[in-house]
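So for the sequence shown, the working numbering puts the first residue at 18; every next one is plus one.
Data block below; observations after.
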Amino acid sequence: MRDVVRYIVFVTYQIYHEYPVPAYMEYPVLIAQDTILLLLILHYNGNLRQSVIYSALGWQLLTLQKWIIDLAMSLCTFISAGSKFAQLQCLWESKDSSHISALSWTISSYTCLARIFTTIMTTGDLQVMARFIVLTILNGWVTVTVLYYRQGCKKLD
Numbered sequence: 018m019r020d021v022v023r024y025i026v027f028v029t030y031q032i033y034h035e036y037p038v039p040a041y042m043e044y045p046v047l048i049a050q051d052t053i054l055l056l057l058i059l060h061y062n063g064n065l066r067q068s069v070i071y072s073a074l075g076w077q078l079l080t081l082q083k084w085i086i087d088l089a090m091s092l093c094t095f096i097s098a099g100s101k102f103a104q105l106q107c108l109w110e111s112k113d114s115s116h117i118s119a120l121s122w123t124i125s126s127y128t129c130l131a132r133i134f135t136t137i138m139t140t141g142d143l144q145v146m147a148r149f150i151v152l153t154i155l156n157g158w159v160t161v162t163v164l165y166y167r168q169g170c171k172k173l174d
């Protein structure tokens, strides 16, 4: 659910500022996938009707004014960063990265780096670039932490 909200906020931000479609084209596909998954989960949990009503109200609120969209974008960056810090905290406490994919975190870092480049080339939006710079740094930090603890586990064996 959290990812769907972040995607919707990001796409709404891009559309509101009239950025070119290639700057955000992958997000509608991701939103569609997450939405289908979320609807199936809600359907089987019996919460579908309530969720659809809240989603419609949230979408209307989000598209009302520029400052709401900008604030939502900033909050999504904050939430994304918070989830990465939570992952780091769990790694530091457990000192075990055997169940975490370093490849996935590397791909996330690379994706954010690519988005920095495409943002510079297409829109130059500082808020979007700041988002991807923060996420690149944190994804890289998680990757390095995963690899560090993975090497520590091999030395103990």
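Beta carbons are placed, not taken as given, at the ideal position from N, Cα and C, and that holds for glycine.
Boundaries for Q82: no alpha helix (DSSP H) harbours it, and the DSSP string shows neither H nor E there.
Judged by DSSP in its simplified three-state form, D87 adopts helix. In terms of Cα proximity to Y165, the closest of S125, S111, E35 is S111. Fully enclosed alpha helix (DSSP H) runs of no fewer than 4 residues occupy 119-139 of the stretch 88-159, in order along the chain. Inter-residue distance for S126 and S118 is about 13 Å (C-alpha atoms, whole angstroms). Between the stretch 89-97 and the stretch 141-148, the count of C-beta pairs closer than 8 Å reaches three or more; the two stretches touch. Burial check for F95: the Cβ neighbour count within 10 Å stays below 16, so the residue is exposed.
Here the alpha carbons of Q168 and I137 stand approximately 36 Å from one another.
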